[in-house]
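Residue numbers (the working numbering), protein chains in the order written: chain A, 14 to 715; chain B, 14 to 715.
The beta carbon of each residue, even a glycine, is placed where N, CA and C say it ideally should be.
Just so it is clear, the structure is predicted and the values come from calculations on it, not from any experiment.
Written below as C-alpha cells is the structure these notes are about.
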C-alpha cells in the first residue's frame, strides 16, 4: 500500500482520505443552486452522507443550512479531503491553505490546466510542484470528482448524482474521462449495477490511475475494478497495482480508447500523452491480467462474470479455442450469439456422445449439435439438471444459456432453473436473453448471474474472460550484462550488435570485420559484404551492401566500390571497416524487435519483414522479457510461421530454436538500467535446424 | 408485382391476402387458453382486429365468444388467409380444404417438416407439390406467423403479441427465425420503434423472403424493410424484389448470420440450405443496395437513418473514407464513438479553416480538431446554428451530435437544437447519447431523428449507410458467346480455356499445342512445358509441368519424361498433347476467379494466389459481371495490388489492363444459359504495360 509523504493525516490513511473521507471541505461551494458548484453539497445531503461537510465560500455564511467558512484554515475540525471548485488561477492559493490545515488529499475540479494548452500545462506544473512541496496529494485538476455510493460522499459536480438513490454495489470505477464517469454510472444504474467508489482522475497530474487502483485493492467494498482509459500514464505504478489486484482476486476490466488510429490520435490531443500503440497496450493488459473489453457497456456488464469466476480464468495460454456449451429454447437467438462467439474465436462445443448418453440415462434426449435445443422437450427440472451436468462436464469451459420469450413474459419462470441450479465458481454460467427482458436481467443480476443484453456484448465479455492471465518470464531485471566495450550512447555497429546477440545466446551468420587494406579472412564463400558504421542505420539505402561475392577477386573489387558509393552518399559517416558474412539460406525470414515503449515499457515483437509486413501486418507483441511458452504462443500468432510448421507439406523449420531466440532477445529488458531504446534482428533466418541473425541494430537511449 | 396463379382470390390481391387479410381462418384454434394455439384469436381481440375471424376446430362450437366451425369449407364467407396450427401429418388435408374454400394463402405454424430431418423434408416436398397443384400459396411450414400492427391482424402464436398495445409504425420485418421475430419486435417496441408488418417465413418452402419483400415494396404502410436472415434462398426472386425496393426508395436493412464459420455451419444445420460464403453474401447485398448491419439491435435502430436519408446514400464508390463532422458536449463520449467510427474506416473530419472562419463570423469560436467541443461556450441557439451550417457544409458527409448528461436529466433541453434545426434530407444528422437517456432517445425517435444507444451501434449504422449502392455492369445477360467447338460438359483443357480468355479479350502468354511426334514450334525460348488433358485439373500434382526449357534439345528430352511421369501418376487420363508456353516475367501475380455461387449467383474474385493467400486472405469479390469502376475498386481492395501502384517507389504495373481483365473475365456471367460453374486464371501476371493469363481452367455445370 502506498503511504503519504509528509502529510498530517493522523489516523486517516491516504486510501481513506481519497475513497472514504469522513470530513470534506467544498472549496468554492456556491449558494446559487443553479451553479454546478452548488451540487456536491446538495448531492451529499440527498444521498445521506453522515460525515462532516464544510462549504468554503468567503461571501456566504451558510449554504443549504450548512455553516460556511471563508477559508479551510478557519474550520475548527480536521478535514480528510478538499474538493476545489474555484477558477484555475486561484487553485495554488487554495492548496496552500489546505496544506496549512493539514488536509492530505485535494480533488481539483477546476480546469484551465494541461488540457487547455501550453500555458495551462505550465500552470499545472507549478501546481504539482507546489503540491509536492506542501505534501498535499492531488486528484485532477480537471477532475469531475469522486463518489462513494456506500457513504453518500459525493465530491462531484456530475449531474448523474441527481439520481434519487445511488445504487450501492461492489464495482468501482476509475475514469480518465469525467463526463463518461457519469455516463457509465447512469447506464449501469439502469441495469441495477451498483457501485462502491467512482473516481475521475482528470489530468492525472499527481494521483494516477495506478494509485487509485492500488487504493481500491484494499477497499473492502470493492470487488471489481473498472477502468475507462484514454491513454496509459505512469505504468510502473499501474503495473504494481494491477499485480496486487490480481493477487487479491479482484478482477480489473478496462475499456480503452485508441483501438483505431483516429481514436488514438484524439486521445492524445485530449490528454497530451505520448503516442500509444494499441497492440502494445493489449500486450500490457494481457501481461497484467486486465480483461480488456471492446464495447462501452460491456465494461460493467462483464463485472458479474469477472468477479464470480475470477478463479476460473485460464492461467496459461491454450492453442485451442475456448469451448462453450450452448443450451437454448430459441434457435435464432442461439444462432445470433454463436455467430458472434465465432467472430471472437470462441467455439460452440458439440457434446460428445458419452455426454448425450449420460443425459439419456437421466431421462433427457439431446442431439449432438453445437447448440442444445430444448425448445420442445424439457421441463424446468430437466433444464436445471442439464445445466448442472454441463457445469460439471470436462468438454466445455463455460455454459451459455440462451433464453427466449419466456424471459420477457414470465421472468420468474425463465430464470428459475438458472437461479436454482448448483453453480460451482470454477466454470462460468452466462446468460443471453433474446427478447427485451429487463425484469429477467434484473433478477439474474440480483442472483449474481452474468447476463447479457446483446449477443455482441456476451461474446465480448467471454472473449475478454478467456484471455489467459499470462505468466511473465521470471527472469529478474538486471541479470543480463552487455559485453564489455559496448558504446554507452547512440547506435551500435552491426559488429557490436552481433556480440550482444551472441551474449544473449543468439547465433549470427558467420562473419568477420575487415579493413580495406587487408582482406584476408576465414569466412567461406559466397559472401555478403557490408559497410560497418554506427552512423549508418540503413545500409542498403546508401549502397552499403553487396551480395553473392564468390571469391577473393570479387571481394577485392567490391570493397573499394562499396566504400566509394557509401562515401558518396554519406561523406560524414565514420566507417569502422567492412563486414564479410557468409550467405545463408532459409525456410523463412522473420524480424525480431525490441522496444522500450514509452507507454508500456519493454516489448518484444515477432513479425514478418519487408514490404509484405507493411501491406498486411503479421506480428505478435508481448511485454519483455517473455518465457518459452509465450514465445511459442507468439510464433503461433504470426500466421507466416505456418510456413515452418509443416503447412501443406512444406519442410519444417527450427521452431524450438526460434522460440528460444525470442526468449533470449526479449532479455534485453533485463540489462541493468534498461539502457536500450530499440533493437532489431532483421532478417532472422529460420533454417531447418537452427535460427540465425543476418543483420541487426541496437540503439541506446539518449 | 407477383400475381397468384390459379387462385380464387377475387378482388383480394396476393399481397393483401398475405399482409392485410380481411378475413382469417384459424385452423386448429384451441379453446384451452393455456395452449399456444389459442393465442392468435386472443391476440387479435386484444389488438382490435376488425376483420372476420373463423376459428376452425371440430370439437368446439365457440371459442372466446367467436363462432367456431369444424372445417373451413363450412364457413359461409370468403376467407383471405388461413393460419394452420394442426399436427404436421394433417396439414395436407387442411390445405385441400383451403383450396376447396378458395383460400389463396395459408401460413403454416405446424412443424415436423424440413427442419426435422429427411422424413420431414419428404413430407414438405409433398406439401409444396400439393399446394402448387391446388393453387394455394404457403408461408412456412414451421412459421411462427405474421402480424399486421395497423389492423391488429395477428396470425401468430408468438408470445411477444401479449404486449398491451402493438406499436404501429412504418418498419416491416421479414424473419427466417420465428423466435427472433418476437425478440426483435420486443426490443424495438421498448425503444418506441413501431412496425407495420412482420412475417416469419419458416422453412420458406413456397413463399420466399423475396416474395414477401416484393409485397412489402407495394405496401403503403411500409417505409423500411428489415431482414433477419440465416441463409439466402431463391435469390432470383429476392434480387428482383430488392431492385424494386431500391427504385421505390424503400431501404432494406439486413442482419445475416454466418459471418463466422461456426455461425454459417449452424445456419445450414438449421435450414438445410447450401453452404454460404460470407464475402459472397456481402457482395450480393452491396450489389442490391442492402444495408447489412453487424449488431442485432442495429437492425431496427438504423431504420430512421436509412429511411429519412435514403437519397443521401452514396451512389458510387469513393476511394476516400466517409467524413463525419462530430460536435459534442462530452469529450469522452465523442472519443468513444470516434474510436468506434475509426474501426469502421469512417473519418471524424476536421473542419477546414474556412469553416472555422465562417463560424467565427457567426459569433461562434470552434477549433480545428476532429471533434468540435462545445462543452463550455455555446448556447442552444449557437448549437442549432452550428448544426445547420454543418448540414450545409461540403467537407463532411454526415453530422454526428454526441450529447452528454443533459440528455439524461433535461431531455427536452438536450434535444431542442436537434429537433429545431433545419435538417435537409440530403445529409444525415445522427445522434449518440453518452448517458442512459431513454426519454431523449424516445423524443428523438418521435422527431424522426436517428439516435443511437451505443457508440458501437452508431458506427455500425453509419458504416452500413455509407456502403455505396453499386452500379452493376449494364452488359445484358447472354451477350458473350463461347468459341465454337468448346466442350459442352466437364472441364476445358488449358488450350480451350485460352481460347475462351481470348474471346473475352484477355491475353494469354504465347503458346502452342504440340504432339509428341512433332515438336516444331514458333514460341521463343525459354519455355514452360505443360501436359494438356481435360482429365487433369492440377497439372503440377502429377508432374505435368516443366519450366525453363532453353532450347530444342531441352524440349526434346523433356516431353517424353513429362508424359511418362504423368502417365505414371494418372494412367487413365486422356492426353491431348503438350503445350509449350513462353516464360513471362511479372511485377505481381494475382488470381482471377469466376464462380456461379449456389447462393448468390455469378461472382468474380480477384485474389492473391498460392500459399500466401491461404495464410492471409487478400481478395475482393463482386457479383458478376462488373463494370470498370467496380473493377478498380476491387484492385484497390486487394492489398497486394499496392505492389503495382507505386508503393515505396516500386515499378508500376498495368492497373488499367488489370481492371479491364477483371471486367472481361466477369462477363463469363453473360454467356447464354450461364453454363460455367467455375473458372480461374491462376496466375494472372501483371506486367508494366500488359496483363497476361499464364494458366487457367474452366469447368462447366453438370
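- Does DSSP put residue 420 of chain B in a helix, in a strand, or in coil? Reduced to three states, the DSSP call for residue 420 of chain B is helix.
- Query: How far does the alpha helix (DSSP H) with residue 356 of chain B in it reach, from first residue to last?
  - Reply: Counting along the chain, the alpha helix (DSSP H) containing residue 356 of chain B begins and ends at 344-356.
- When burial is assigned at 16 or more other CB atoms within 10 Å of the CB, is residue 287 of chain A buried or exposed? Low confidence applies to residue 287 of chain A: its pLDDT is 33, below 50, so where it sits in the model is not reliable, and the reading given next is rough at best. The residue is exposed, with fewer than 16 neighbouring Cβ atoms inside 10 Å.
- Starting from residue 208 of chain A, follow its DSSP beta bridges and name the residues at the other end. According to DSSP, residue 208 of chain A bridges with A/184.
- Item | For residue 433 of chain A, the three-state DSSP class (helix, strand or coil) | In the three-state scheme derived from DSSP, where H, G and I count as helix and E and B as strand, residue 433 of chain A is classed as helix.
- Task: Answer yes if the region 114-132 of chain B comes into contact with the region 146-158 of chain B, meaning at least three C-beta pairs across the two stretches below 8 Å, and no otherwise.
- Result: Using a Cβ-Cβ distance cut-off of 8 Å, the region 146-158 of chain B and the region 114-132 of chain B are in contact, since at least three pairs of beta carbons, one from each stretch, lie closer than that value.
- Message: Give me, in chain order, the residues of the same chain whose beta-carbon lies closer than 7 Å to that of residue 105 of chain A; leave out the 5 immediate sequence neighbours on both sides.
- Response: Hits under 7 Å: 139, 140, 143.
- Item | Expected contact under 8 Å - CB spacing of residue 601 of chain B and residue 653 of chain B to nearest Å | Contact annotation, residue 601 of chain B with residue 653 of chain B: C-beta distance approximately 7 Å; criterion of less than 8 Å satisfied.
- Message: Whole angstroms are fine: how far does the CA of residue 382 of chain A sit from the CA of residue 282 of chain B?
- Response: With a pLDDT of 37 at residue 282 of chain B, under the threshold of 50, the modelled position of this residue cannot be trusted; read the value that follows with caution. When rounded, the separation of the alpha-carbon atoms in residue 282 of chain B and residue 382 of chain A is 9 Å.
- Message: Taking beta-carbon pairs under 7 Å, can you tell me which members of the region 515-544 of chain B lie near chain A?
- Response: Of all residues in the region 515-544 of chain B, none is placed with a Cβ closer than 7 Å to any Cβ belonging to chain A.
- Item | Residues from the region 326-351 of chain A in contact with chain B, defined by Cβ distance under 7 Å | Against chain B - using a Cβ distance shorter than 7 Å - the residues of the region 326-351 of chain A are 343, 344, 345, 346, 348, 349, 351.
- Same chain, Cβ closer than 7 Å to residue 77 of chain B, neighbours up to 5 away in sequence not counted: Correct list, in chain order: 54, 55, 58.
- What is the DSSP secondary structure of residue 68 of chain B, reduced to helix, strand or coil? Residue 68 of chain B falls in the strand class under three-state DSSP.
- Determine the chain A residues that contact residue 136 of chain B at a beta-carbon separation under 9 Å, and present them in chain order. Within 9 Å Cβ-Cβ: nothing; residue 136 of chain B doesn't reach chain A, min ~17 Å.
- alpha helix (DSSP H) segment containing residue 395 of chain B, residue limits: 393-405 is the extent of the alpha helix (DSSP H) around residue 395 of chain B.
- Proximal residues to residue 188 of chain B (C-beta, below 6 Å), its chain only, five neighbours per side dropped: In the same chain as residue 188 of chain B, and ignoring 5 residues on each side of it, the C-beta atoms closer than 6 Å to its own belong to 194, 213, 241, in chain order.
- Item | Distance CB(residue 695 of chain B)-CB(residue 519 of chain B) smaller than 8 Å | Contact: no.
- Can you tell me the Cβ-Cβ gap for residue 320 of chain A and residue 257 of chain A, rounded? I've got them flagged as a contact below 8 Å. Between residue 320 of chain A and residue 257 of chain A a beta carbon distance of about 16 Å is seen, past the 8 Å cut, so the two are scored as non-contacting.
- Task: Can you tell me which of B/615, B/661, B/657 puts its alpha carbon nearest to the alpha carbon of residue 627 of chain A?
- Result: Taking only the C-alpha atoms, the option nearest residue 627 of chain A is B/661.
- Query: Among the residues of its own chain, which have a CB less than 6 Å from the CB of residue 620 of chain B, if the five just before and after it don't count?
  - Reply: The beta carbon of residue 620 of chain B is closer than 6 Å to those of 604, 626, 632 in its chain, skipping five residues each way along the sequence.
- Check the Cβ-Cβ distances between residue 653 of chain A and every residue of chain B, and say whether any is below 8 Å. At least one chain B Cβ lies under 8 Å of residue 653 of chain A.
- Apart from the five residues on each side of it in sequence, which residues of its chain come closer than 7 Å, Cβ to Cβ, to residue 435 of chain B? Excluding positions up to five away in sequence, the list reads 401.
- Is residue 386 of chain A helix, strand or coil by DSSP? In the structure shown, residue 386 of chain A adopts extended strand secondary structure according to DSSP, grouped into three states.
- Message: Among B/377, B/416, B/418, whose alpha-carbon lies nearest the alpha-carbon of residue 398 of chain B?
- Response: The residue from B/377, B/416, B/418 with its alpha-carbon nearest to that of residue 398 of chain B is B/377.
- Message: Whole angstroms are fine: how far does the CA of residue 269 of chain B sit from the CA of residue 670 of chain B?
- Response: If I take the Cα positions, the gap works out to 36 Å.
- Item | Alpha carbon of residue 203 of chain B to alpha carbon of residue 460 of chain B, nearest angstrom | Each residue's Cα considered, the two are about 17 Å apart.
- For residue 208 of chain B, the nearest candidate out of B/224, B/475, B/685, B/186 (CA to CA): With distances taken between Cα atoms, residue 208 of chain B lies closest to B/186.
- Report the residue from A/216, A/162, A/255, A/246 whose alpha carbon sits nearest the alpha carbon of residue 234 of chain A. For the options A/216, A/162, A/255, A/246, the alpha carbon positioned closest to that of residue 234 of chain A is the one of A/162.
- Residues bridged to residue 271 of chain B [DSSP beta-bridge criterion]: According to DSSP, residue pairing for residue 271 of chain B in a beta bridge does not occur.
- Message: Contact criterion: CB-CB distance below 8 Å. Does residue 68 of chain B meet it with respect to chain A?
- Response: No, its Cβ sits nowhere closer than 8 Å to a Cβ of chain A.
- Item | Terminal residues of the beta strand (DSSP E) in which residue 602 of chain A lies | Here the beta strand (DSSP E) through residue 602 of chain A covers 601-610.
- Query: So with Cβ pairs under 8 Å, would you call residue 481 of chain B a contact of chain A?
  - Reply: Interface criterion not met: the Cβ of residue 481 of chain B is under 8 Å from no Cβ in chain A.
- Query: Does the Cβ-Cβ distance between residue 568 of chain B and residue 540 of chain B come in under 8 Å?
  - Reply: Closer than 8 Å, so yes.
- Does the Cβ-Cβ distance between residue 598 of chain A and residue 527 of chain A come in under 8 Å? Against a cut-off of 8 Å, the Cβ pair of residue 527 of chain A and residue 598 of chain A comes out as no contact.
- Tell whether a beta-carbon distance below 8 Å holds between residue 507 of chain A and residue 608 of chain A. With respect to residue 608 of chain A, residue 507 of chain A sits apart: the two C-beta atoms are not nearer than 8 Å.
- Check whether residue 221 of chain A and residue 200 of chain A have beta carbons under 8 Å apart: By the CB criterion at 8 Å, residue 221 of chain A and residue 200 of chain A fall outside the cutoff.
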